[in-house]
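Engineer: Okay, handing you the structure first.
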Amino acid sequence: MKRVFNFNAGPATLPLAALEEASANLVNFNNSGMSLLEVSHRTPIYEDVHFGTISSIKEILSVPDDYEILFLQGGAHTQFSMVPMNLLGDNESADYIVTGSWSEKAVKEISVIGKKANVIADTKATKYNSIPSTLNISKDAKYLYLVSNETIQGVQFKKFPETNGVPLIVDASSDICSYPIDWKNIGIIYAGAQKNMGPAGVTIVIVRKDLIKDQPNVPTMLRYSTHAKENSLYNTPPVFSIYMVGLTMKWLKNLGGLKKIDEINKRKAAYIYDVIDSSSGFYKGHAEKDCRSLMNVTFTLATEELEKKLIKETEANNMVGLKGHRSVGGLRASIYNAMPEEGCKYLADFMKDFAKKNG
Ligand SMILES: *Cc1c(COP(=O)(O)O)cnc(C)c1O
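According to the numbering used here, the sequence shown holds residues 5 to 363 in order.
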């Protein structure tokens, strides 16, 4: 089988090694005579997978001991309300940094549950092309919320802001596991698995234990405490997704872990950004240079017609998923951990050639 270079934003390309191991085990899991899809989640066969995946995440991300690693459902979207439901009491509020569509959505959701977000920075006026450099965190903020990588606009924090002890809540759905994490100040970091950690169906939520409180007025399934007490086995977890997250972590470990993947990711992104920067304006990058995403490269061409032509030609040349998000247009190359370096080089060469022919 010929694999295409898959630049989709999510679900996204997965490591071939993980897919092949899952495929070899699909029908007869570790010689159990059953597929993992058929195994009760209350058996040792599955428990090995479950707790093995938790340990591999802990190891890869160097998660300190005072954090719980939870497997939840409902996607990253559900965290938009779970975070304030679990962390904010009556009349308490939190600070939000809005740098793109995903943080904008999180702010909308907090008002749905009747809690208050103080938006302390918002870059919408410049079409979310930057990361604010100075912040005034409110004195009484219970937490500071940000999206480490705005998947749609392609802007990324290069360093988390200093919060002076205010817990930082990070939606890292599109860049988790792509660089080593500085855990100082982190209250919660969460991610839908389907960009950098595995297939869709599970959300990895890593919560500092002191933030997990009994919340009798929050629906049972929406309390962090419910899942923490039961090691994410309160109800049936998405077993196969969790298995594949484990295989993806195994691949990442074999590759050399987060420091190594960070180096590779920097090289990968540079191939494409270099073509954009040296194209004499043929390609226009969306994000300002100091906050360009290493995961989602967003750019436009002079006309929509040219953009369509480029997308069509990439599709004829073994590449898929380069159309930008419908809300912003242009093109987006999502180059998560599992996108091979040669895929980025291939796209960069293709873009250079296209500019020469059409410029
Ligand atoms: C994809 C994405 C989401 C939404 O994830 P779902 O699992 O589909 O709910 C939220 N935040 C960010 C930063 C994302 O990239």
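The beta carbon of each residue, even a glycine, is placed where N, CA and C say it ideally should be. Remember, it's a predicted structure, so these values are computed and weren't measured experimentally.
Can a CB atom of chain D be found closer than 7 Å to the CB of G260?
Structural biologist: In the structure shown, chain D does not exist; there is a single protein chain.
Engineer: Using the C-alpha atoms, what's the distance from P171 back to N191?
Structural biologist: Reading off the sequence shown, one finds Gly at residue 191, where the question assumed Asn. C-alpha separation (whole angstroms): 5 Å.
Engineer: Check each candidate in L20, F354, S39 and name the one with the smallest Cα separation from N29.
Structural biologist: Ranking L20, F354, S39 by Cα distance to N29 puts S39 first.
Engineer: I believe I141 touches D94 by the beta-carbon criterion, under 8 Å. Please report the beta-carbon distance rounded to the nearest angstrom.
Structural biologist: Contact doesn't hold; Cβ gap of about 21 Å is too wide.
Engineer: Can you confirm whether the segment 152-163 touches the segment 283-303 when touching is taken to mean that 3 or more C-beta pairs between the two stretches lie within less than 8 Å?
Structural biologist: Counting Cβ pairs under 8 Å, three or more are found: they touch.
Engineer: Measuring CB to CB, does K272 end up less than 7 Å from G14?
Structural biologist: No, the Cβ-Cβ distance between K272 and G14 is not below 7 Å.
Engineer: Below 7 Å between beta carbons: does that hold for D253 and S27?
Structural biologist: Checking the sequence, you will find Met at residue 253 rather than Asp. No, the pair does not count as a contact, with Cβ atoms beyond the cut-off.
Engineer: Give a single yes or no on whether S182 has its beta carbon closer than 6 Å to a heavy atom of ligand 1.
Structural biologist: Flag unset: Cβ of S182 not near ligand 1.
Engineer: Hey, would you say S245 sits closer than 7 Å to V211, going by beta carbons?
Structural biologist: Result no, Cβ atoms of S245 and V211 do not sit closer than 7 Å.
Engineer: Considering only heavy atoms of ligand 1, does any lie closer than 6 Å to the CB of V151?
Structural biologist: Checking every heavy atom of ligand 1 against the Cβ of V151, one is found closer than 6 Å.
Engineer: Per DSSP, what kind of secondary structure is T240 in: helix, strand or coil?
Structural biologist: T240: coil per DSSP, three-state reduction.
Engineer: Tell me the residue span of the beta strand (DSSP E) that contains R212.
Structural biologist: It spans 207-212 - the beta strand (DSSP E) in which R212 sits, taken as one unbroken run.
Engineer: Do H81 and ligand 1 come close, with the Cβ less than 6 Å from some heavy atom?
Structural biologist: Yes, Cβ of H81 sits closer than 6 Å to a heavy atom of ligand 1.
Engineer: Pick helix, strand or coil for E319, following the three-state DSSP scheme.
Structural biologist: Looking at E319 - three-state DSSP - the assignment turns out to be helix.
Engineer: Which residue's Cα is closest to the Cα of S85: D294, V67, W106, I73?
Structural biologist: Of D294, V67, W106, I73, the residue nearest in Cα terms is W106.
Engineer: Pop quiz: L148 and A125 are said to be a contact at Cβ under 8 Å. What is the actual Cβ separation, rounded to whole angstroms?
Structural biologist: The Cβ separation is near 10 Å, so there is no contact.
Engineer: Note down the Cα distance separating S283 from C295, rounded to an integer number of angstroms.
Structural biologist: Computed Cα separation, rounded: 20 Å.
Engineer: Using the three-state DSSP reduction, which class does T304 fall into: helix, strand or coil?
Structural biologist: T304: strand per DSSP, three-state reduction.
Engineer: Can you find the residues in the same chain that come closer than 7 Å, C-beta to C-beta, to F75, ignoring five residues on each side of it along the sequence?
Structural biologist: Cβ neighbours of F75 beyond the five flanking positions: V206, I208, S236, P241, I246.
Engineer: Alpha carbon to alpha carbon, how far is W255 from G261? Give it in angstroms, no decimals.
Structural biologist: Spanning the two alpha carbons is a distance of roughly 9 Å.
Engineer: By Cβ distance, which residues of its chain are closer than 7 Å to H231, with the 5 residues on each side in sequence left out?
Structural biologist: Closer than 7 Å at the Cβ level, and outside the excluded window around H231, lie L74, L76, Y238.
Engineer: Could you tell me the alpha carbon to alpha carbon distance between K128 and E108, rounded to whole angstroms?
Structural biologist: Between K128 and E108, the C-alpha separation is close to 9 Å.
Engineer: Over what stretch of residues does the alpha helix (DSSP H) that includes E346 continue unbroken?
Structural biologist: It spans 345-362 - the alpha helix (DSSP H) in which E346 sits, taken as one unbroken run.
Engineer: Between M5 and L20, what straight-line distance do the alpha-carbon atoms span, to the nearest angstrom?
Structural biologist: Distance between the alpha carbons of M5 and L20: 12 Å.
Engineer: Where does I114 fall in DSSP's three states?
Structural biologist: If DSSP states are grouped into helix, strand and coil, I114 belongs with the helices.
Engineer: Taking the alpha-carbon positions, what's the F358 to W187 distance?
Structural biologist: Rounded to whole angstroms, F358 to W187 spans 43 Å at the Cα level.
Engineer: Any heavy atom of ligand 1 closer than 6 Å to the Cβ of T302?
Structural biologist: No, Cβ of T302 sits at least 6 Å from all heavy atoms of ligand 1.
Engineer: Compute the minimum distance between the beta carbon of S178 and the heavy atoms of ligand 1, and state whether it is under 6 Å.
Structural biologist: Correct: S178 has its Cβ closer than 6 Å to ligand 1.
Engineer: By Cβ distance below 6 Å, which residues in the same chain neighbour Y275 in space, the five residues on each side in sequence not counted?
Structural biologist: Answer for Y275: C348, K349, A352, listed in chain order.
Engineer: Mapping the DSSP letters down to three states, classify S59 as helix, strand or coil.
Structural biologist: Here S59 sits in helix by DSSP.
Engineer: Whose C-alpha, out of K213, M343, P136, is nearest the C-alpha of T17?
Structural biologist: Closest option to T17, Cα to Cα, is M343.
Engineer: Within the present structure, is the beta-carbon of W106 separated from the nearest heavy atom of ligand 1 by less than 6 Å?
Structural biologist: Yes, Cβ of W106 sits closer than 6 Å to a heavy atom of ligand 1.
Engineer: What does the alpha-carbon distance come out to for the pair N122 and S97?
Structural biologist: When rounded, the distance between both Cα atoms is 7 Å.
Engineer: Please confirm whether F11 and A320 have their CB atoms less than 7 Å apart.
Structural biologist: No, they are not a contact pair.
Engineer: Among Y340, K288, V332, which residue has its Cα nearest to the Cα of M355?
Structural biologist: Cα-wise, what sits closest to M355 is K288.
Engineer: Secondary structure at G261, three-state DSSP: helix, strand or coil?
Structural biologist: It is helical.
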